[in-house]
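The structure under discussion appears below in the form of structure tokens.
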Amino acid sequence: MSGVSERDLARTTEALVSRYRSVAPAPTPILASQVHVAAYAAYRMPATHAALARVLGDLADRGLRPRSLLDLGGGTGAAAWAAAGAFESLESVTVLDQVDDALALGRELEREAPSEVL
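Each residue of the sequence shown is one higher than the last, beginning at 3 in my numbering.
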């Protein structure tokens with residue numbers, strides 16, 4: 003997220019909040035730039051990860067043992083991180099997204115905190 007000013011981050015976060023609250027479908031990807039991706043990572047990704055970690059943890063407690071995960075539209079990888087934390091059985095994870103900047107940030111985060119399956 004380096005290189006993004008606090009002002010741009012705040013303004014873009016407000017725009018993302020509006021887009022996420024809108025009932026109208028997004029005609030273009032919500033994360034349309036590196037600033038959008040940084041704003042998402044700061045604002046929405048932690049909550050997305052926390053919600054998924056809880057649900058996936060409950061599924062693991064009930065005996066679900068997936069060996070692979072395909073996350074379509076996975077962006078920065080919040081769901082993949084949650085799944086990797088919940089399921090020791092995971093052998094492979096694939097995250098696909100149309101927003102290259104989101105995937106790039108996900109790869110950068112993975113380098114900072116390596117996971118055996120990500």
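Backbone N, C-alpha and C fix where the C-beta goes; we use that ideal spot for every residue, glycine too.
Note that the coordinates shown come from a computational prediction; the quantities given were computed from them, not determined experimentally.
Would you mind reading off the limits of the beta strand (DSSP E) that contains residue i?
| i | result |
| --- | --- |
| Asp73 | Ser70 to Leu74 |
| Thr96 | Ser94 to Leu98 |
Using only CA atoms, which one of the options lies nearest to residue i?
| i | options | result |
| --- | --- | --- |
| Ser70 | Gly59, Ser94 and Met47 | Ser94 |
| Ala62 | Val119, Ser91, Tyr42 and Arg13 | Ser91 |
| His38 | Ala28, Arg113, Gly75 and Leu18 | Leu18 |
| Arg97 | Leu66, Ala49 and Val119 | First, the residue type needs correcting, since residue 97 is Val and not Arg in the sequence shown. The shortest Cα separation from Val97 among Leu66, Ala49 and Val119 belongs to Val119. |
By a C-beta neighbour count over all protein chains shown, 10 Å radius and 16 as the cutoff for buried, is residue i buried or exposed?
| i | result |
| --- | --- |
| Asp103 | buried |
| Leu33 | buried |
| Gln36 | buried |
| Gly108 | buried |
| Tyr42 | buried |
| Arg56 | exposed |
Going by DSSP, what residue range makes up the alpha helix (DSSP H) through residue i?
| i | result |
| --- | --- |
| Thr15 | Glu8 to Arg23 |
| Arg109 | Asp102 to Glu114 |
| Val37 | Gln36 to Tyr45 |
| Ala122 | This structure cannot speak to residue 122, because the chain is shown only from 3 to 120. |
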